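Right, one structure below, let's go through it.
The structure is reproduced here in C-alpha cells:
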C-alpha cells in the first residue's frame, strides 16, 4: 500500500516540513530512500503520517483517470506506454513539493497512480501529474511562482508536458535573473529560449527549449529514468487551491472554478507553430533589452575552459597551447546548490572559474561518444604524453589541430596509440635525420626532427657529440672564404629565427585578451546570425503582408465601386419612393372620386368604365329633359284649358324669363362662346 508522510528536516528554528510519497516504512518510522534516488542520506529525518484514506483522494472522488473517456490519439507512444515506478510499493519517491514551517500543515497531497494510469491521463477533481525531476533536480516548489505560471499559460501546456531540461532551464533562468538584478519576464525568457518539439506524424510528446544564441548549458543531453518517475499532486488547502484556480461568474450568476494554467495534457499548444511562441528582439521592451544585454555581457565575461581527461591532464594543440572552448552558465551545477545563497555565490564565481572540459574517458571506463564525421580529424600524435592510468602530474597530451572553441571536437579515447610510449621509456633516435617515407604522416619530402621539447635530455652530458665523417670531410674541403660565407649566412638565419621567436612570443598582447576578443567576435557572429534569421523571417512576413495589402487594396477598390453602385441605386430608390408616394396620392384621389355612394343601385355599381358611366349619364339627362318637356307641355295645356286666352307662343321648356323677356340660356352661351373664340384667334394673329 502506498502511504503519504510529512517529514521535518532541519536542526532548529523554523524547520522545513516536506511532503513525501514513500513506501515500506520501517518500524522506527524513518524514511530510507535509496542513495541513487535521493542523493543524500535521510537517516535522521523524522516522519509523521498524514491522515489519508486508502487509495482515494482527499476530496472523496475515486482515484481513477479518464483514459477511456478522453481522446489521446495525438499523444506519442512513449508517454502512453510508460507507467509510474511508484506503482511498485518497493520504490521510494522524492516528493518535497513545498517549503513550509514546522508549525504549518501541508498544503499539497501526493499519491501514487494506479498501474493503468499514464502521465497524460486526466485525473478527477483537482489532481494533476508531476515528474519527480521537477522537485528533486529542478528545485521547483509549489505553489508555482508568477514567472512559472506565465510560462505554462503562454505555452498552453501542463507542467508535465515540458521536458525536464526545459524545467531546468526555467529554474536556472530565474536564479540568474535574481543574481543579475534583472526582471524575470516571460518575454525575455522566450527571446533567449525557443521551442523544440518531439514526435512525428501528428503525435506529440514532451516540449523542450533550444537557444539561438547559447547562454546556458543543457542540464543533461539525455535525462535518464525520468519518464517512469511521476506521481499525482492535489491541493488540499484553500491557499493551495487559490494558487491554481479562480472563480468565474457566468451570465446566470453561477460561479465556476477555472484553472489559471493548464494542469492536464492538452493538444491546443500544437495547433500553432513554434514561431508563434517566439519573442523577437524588436518585440522586447526597453527594460527587457537592457536585461538581455546584461545577461549576454555576463556570459561573455566567462573565462575559457580547457580540455582535459578524467585525470585532469590538459590537452595541447600542435603549437603547445591549451585547447579551450567557450563556457556558458552551468545549469546542472547551479541547480545542485542546496540553497539560493549557494547558487548566487556560484554565479558570482562562475566568470573567473577555470573549468576543465572532460573530453576523454579513463582507460577502464567507456570512451566518450564522438560524432562519426569528426573521428578523422581527432587523433593522438606519437608524441602524446602519458597513459590513462597516470596521475595529474603527468605531462599534457598533444592534439594535432586546435578546433574552434565555440564548436569543440570530442576526443574518442584516452588510451595511447601503439606508436606512443611513456616519456620515461622513450629513447633518443640514433643516427642522422632521415627523409620520411611517402607513407609517413608528414608526407613525402619532409624531414623528421628529433623531439627536443618532449625529451629535454636529447643531448646528455655523459655522451660525446660526434660529427659524422661525411659532414667533417665537407667542412674540411671548403676554403676559408667559402666557410666564412656559409657561417655568415647561417648566423644571419639564426638571428632571424631569434628575432621571429621574440616577436611571436611578445607578451604585450596576452593570450587571454585574444581569447576574450575571439569569444566576443563569435558571440557577435551568433547574434548577427540570429538577427539575419530574424530579418529573413521579417522580410518573408513583409512580402506576405505586401501581397495581402495588394489584395486588400484590390478588394477595397471593388468595394468602392460596389458602394458607388449602391449609392446610385439608393438615389433611384428614393426617387422611385417619391414617385410612388405621388402615385399613391393620385390613386387615393381617384379612388375618392370613384368611391361608390351608399345608395347606389346594382345597375349603377355594374358600370365599370367611363364610357358606360357617360352613356348612363346621357341617358339620364335625356330622360330628365324628356320628363321636363313632358311636364312643361302638360302644364301649358292645362293653363290653356283653364285660360283659353293665354298666349303660349315663344315659350319652351328650356327657356327662362330675364328682364321681362323669354330667353334660352343655351343659345346665349353658344353665342358668347363663339365671340370669345373669335377674340382669341385675333390675339394669336396679332402676336404672330
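In the working numbering, the protein residues as written are 22 to 709. The beta-carbon is built from N, C-alpha and C at its ideal position, and this holds for glycine as well. What you are looking at is a predicted structure, and each value in this text was computed from that prediction instead of being measured.
Check	Outcome
Can the beta-carbon of residue 180 be found closer than 8 Å to that of residue 141?	no
Just the Cα atoms here: how many angstroms apart are residue 268 and residue 278?	5 Å
In angstroms with no decimal places, state the Cα-to-Cα distance between residue 563 and residue 578.	22 Å
Among 292, 505 and 151, which one has its Cα closest to the Cα of residue 114?	151
Report yes if the CB atom of residue 286 is closer than 8 Å to the CB atom of residue 96, and no otherwise.	yes
May I ask you to list the residues that DSSP assigns as paired with residue 231?	215
Under the three-state reduction of DSSP, which class applies to residue 329: helix, strand or coil?	strand
Would you check if there are 3 or more beta carbon pairs closer than 8 Å linking the segment 303 to 321 to the segment 206 to 226?	yes
Under the three-state reduction of DSSP, which class applies to residue 590: helix, strand or coil?	helix
Taking residue 121 as part of the beta strand (DSSP E), name the residues at either end of that continuous run.	Per DSSP, residue 121 belongs to no beta strand (DSSP E) and is neither H nor E.
Among 130, 235 and 264, which has the Cα closest to the Cα of residue 767?	The chain is shown only over 22 to 709; residue 767 falls outside these bounds and no answer can be derived.
Below 8 Å, how does it come out for the segment 212 to 229 and the segment 287 to 296: are there three or more Cβ pairs, yes or no?	yes
Within the same chain, show all residues whose beta-carbon is closer than 6 Å to that of residue 674, passing over the 5 residues directly before and after it, in chain order.	649, 650 and 653
If you check the beta carbons only, do residue 355 and residue 367 fall under 8 Å apart?	yes
Counting along the chain, where does the beta strand (DSSP E) carrying residue 638 start and finish?	From DSSP, residue 638 is part of no beta strand (DSSP E) but of the alpha helix (DSSP H) over 631 to 663.
Kindly give me the distance between the Cβ atoms of residue 376 and residue 326, rounded to whole angstroms, as I take these residues to be in contact under 8 Å.	4 Å
Does residue 261 come within less than 8 Å of chain B when only Cβ atoms are used?	You won't find chain B in this structure, because it holds only one protein chain.
Does residue 304 pass the burial test, meaning 16 or more other C-beta atoms within 10 Å, or should it be called exposed?	exposed
On the DSSP bridge assignment, give the partners of residue 598 in chain order.	Bridge partners of residue 598: none, in fact.
Among the candidates 134, 90, 119 and 126, whose CA atom is the shortest distance from the CA of residue 103?	134
Please state whether DSSP places residue 371 in a helix, a strand or coil.	coil
Tell me whether the beta-carbon of residue 177 lies closer than 8 Å to the beta-carbon of residue 283.	yes
I need the straight-line Cα distance from residue 321 to residue 540, nearest angstrom please.	7 Å
In chain order, what are the residue ranges of uninterrupted beta strand (DSSP E) at least 3 long that sit wholly in the segment 236 to 321?	251 to 256, 266 to 270 and 276 to 280
Taking the alpha-carbon of residue 106 as reference, which of 251, 215 and 616 has the nearest alpha-carbon?	251
With DSSP collapsed to three states, give me the class of residue 204.	coil
Within the continuous beta strand (DSSP E) that includes residue 323, where are the two ends?	Where residue 323 is concerned, there is no enclosing beta strand (DSSP E), given that its DSSP letter is neither H nor E.
Tell me which same chain residues have a C-beta within less than 8 Å of the C-beta of residue 517, skipping the five on either side of it?	none
In this structure, how does DSSP classify residue 612 when only helix, strand and coil are distinguished?	helix
Between which residues of its own chain and residue 174 is the CB-CB distance below 6 Å, once the five residues before and five after are set aside?	282
Along the chain, where does the beta strand (DSSP E) containing residue 518 start, and where does it finish?	Looking at the DSSP string, residue 518 is not in any beta strand (DSSP E); the run it does join, the alpha helix (DSSP H), is 501 to 525.
Going by CA-CA distance only, name the one from 348, 200, 362 and 361 that's closest to residue 373.	348
Report the rounded CA-to-CA distance for residue 163 versus residue 204, giving the unit in angstroms.	21 Å
Can you find at least 3 beta carbon pairs, one from the segment 502 to 514 and one from the segment 185 to 200, that sit closer than 8 Å?	no
With a Cβ-Cβ cutoff of 8 Å, do residue 244 and residue 186 count as a contact?	yes
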